[in-house]
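To start, the structure under review is shown below, and the notes come after it.
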Amino acid sequence: MSPKVPGDPGLLARVALGLAPIAAIGGDGGAGLTARPPGIRLPPPWRARGRCGMVRAVMEGLGTDAVWNALRGLRNGGDPASLPPGVLSDLFAPVLAPPTAPDGCRVIGRLAQTLDGRIATASGSSQWIGGRGDILHTHRLRALCHAVIVGAGTVRQDDPRLTTREVPGESPVRVVLDTERRLSPDFRVFRDGGPATLLACAEDAPGPDPLGAAEVLRLPRARSGGGLDVPALLRALAGRGLTRLFVEGGGVTVSRFLIAGCLDRLHVTVAPVLLGSGIPAFTLPEVGRIADGLRFAWRVFPLGPGGGDVLFDIPLDRARPGERTG
4 MSPKVPGDPG LLARVALGLA PIAAIGGDGG AGLTARPPGI RLPPPWRARG RCGMVRAVME
64 GLGTDAVWNA LRGLRNGGDP ASLPPGVLSD LFAPVLAPPT APDGCRVIGR LAQTLDGRIA
124 TASGSSQWIG GRGDILHTHR LRALCHAVIV GAGTVRQDDP RLTTREVPGE SPVRVVLDTE
184 RRLSPDFRVF RDGGPATLLA CAEDAPGPDP LGAAEVLRLP RARSGGGLDV PALLRALAGR
244 GLTRLFVEGG GVTVSRFLIA GCLDRLHVTV APVLLGSGIP AFTLPEVGRI ADGLRFAWRV
304 FPLGPGGGDV LFDIPLDRAR PGERTG
């Protein structure tokens, strides 16, 4: 009789067929790790897929709490190579890698989109495109980073708290990008008494300092494309000791970091949903040829059980649109 395997009931069948076993990340139990049955050696097709970056799901029996605590221990520095093996370590080790850019920052962008590339309806409704696994993943990224960055549109539409309510860990400093100072102090990030909040705006934007409980950070405008000068923002945050940065959204904000060549890593969750209309995930300069698109390698992680959301982990290494990575 085959050993009982928690998690995906089709794991043994996948192994027998030479297909890639899948470990779910998320779910009510935390990481949803699926143990490898004793005595079963993963077949060559699985190893080949892993080398190609198509699927990478490490089947280990280590407890989720131990892995997560090890990850949290590297938030302020350390060697990710020391992490215990597991899906969470595999996914988050690149997030915890030391910064290599001259600005001293490690920057991770994230979006959740539908299968047809929409992050919200035309009215701005986006809660929730991703499922429970995506929510947990977002809170884990917050807990591993020194600061979480969002645009004014995200604050206006969702009124988020940007804390780590769903996972153990320290909440990050909250950074709101509001170039023209159009947000009122009534939103929760400015008045909830939670983690420190910075409001980043243009040097010439009118308005009081501070805004509610938020300190105001004045920065140069971007030379083109609107918004703030992203490299100047990174330098300002690094000067405050905030060097591991999570750009949570929305689409315009993540796109501006991408255009500026200021993303080291990009996490995109794709949900099995079609809208057919709505707000696109990315807003990038127009290209005339397919060859001019940004090409990259990726790794794929299922988020949660049951064949739901899929997370694409993309190493950008500060590439800009029109460049090739990997």
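Read in order, the letters of the sequence shown are residues 4 to 329 in my numbering.
Yeah, the Cβ is synthetic: ideal placement off N, Cα and C, and Gly gets one too.
On a predicted model such as this, the values are computed, not experimentally measured, just so you know.
Asked                                                                                                                 : Found
Helix, strand or coil at F315 [DSSP, three-state]                                                                     : strand
CB of R302 within 9 Å of CB of L261, strictly                                                                         : no
Beta-carbon proximity of P102 to R145, cut-off 9 Å                                                                    : no
8 Å Cβ shell around D161 - same chain, five flanking residues per side excluded                                       : S129, Q130
Three-state class that DSSP yields for F190 in the structure shown                                                    : coil
Outcome for L165 when other beta-carbon atoms lying within 10 angstroms are tallied against a minimum of 16           : buried
Nearest-angstrom Cβ-Cβ length linking G120 and G307, presumed shorter than 8 Å                                        : In fact, because the Cβ distance is near 21 Å, the residues do not count as touching under 8 Å.
Start-to-end residues for the beta strand (DSSP E) that takes in I122                                                 : 121–123
Bounding residues of the beta strand (DSSP E) (the contiguous stretch that carries R298)                              : That residue, R298, is in no beta strand (DSSP E); it is neither H nor E in DSSP.
Through-space distance from G215 to P83, alpha-carbon basis                                                           : 38 Å
Neighbour flag for T246 against chain B, beta carbons, 9 Å                                                            : Within the model displayed, chain B is absent; a lone protein chain is all it includes.
Bounding residues of the beta strand (DSSP E) (the contiguous stretch that carries F249)                              : 247–252
Pair within 9 Å by beta-carbon distance, D316 and G134                                                                : no
Rounded separation between E169 and E183 - CA only                                                                    : 32 Å
Residues of its chain near F193, where Cβ-Cβ distance is below 7 Å and the 5 sequence neighbours each way are ignored : T200, L214, G215, A216, A217
For D106 and R143, the rounded distance between their alpha carbons                                                   : 24 Å
P88, buried or exposed, once every other Cβ within 10 Å from all chains shown has been counted against 16             : exposed
Reference L86, options V70, A100, L297, T117, closest by Cα                                                           : V70
Proximity winner among L91, L319, Q116, P288, relative to G253 (alpha-carbon distances)                               : Q116
Nearest to G80 (by Cα), restricted to the options A96, A208, V290                                                     : A96
Cα-Cα separation between P275 and L99, rounded to whole angstroms                                                     : 29 Å
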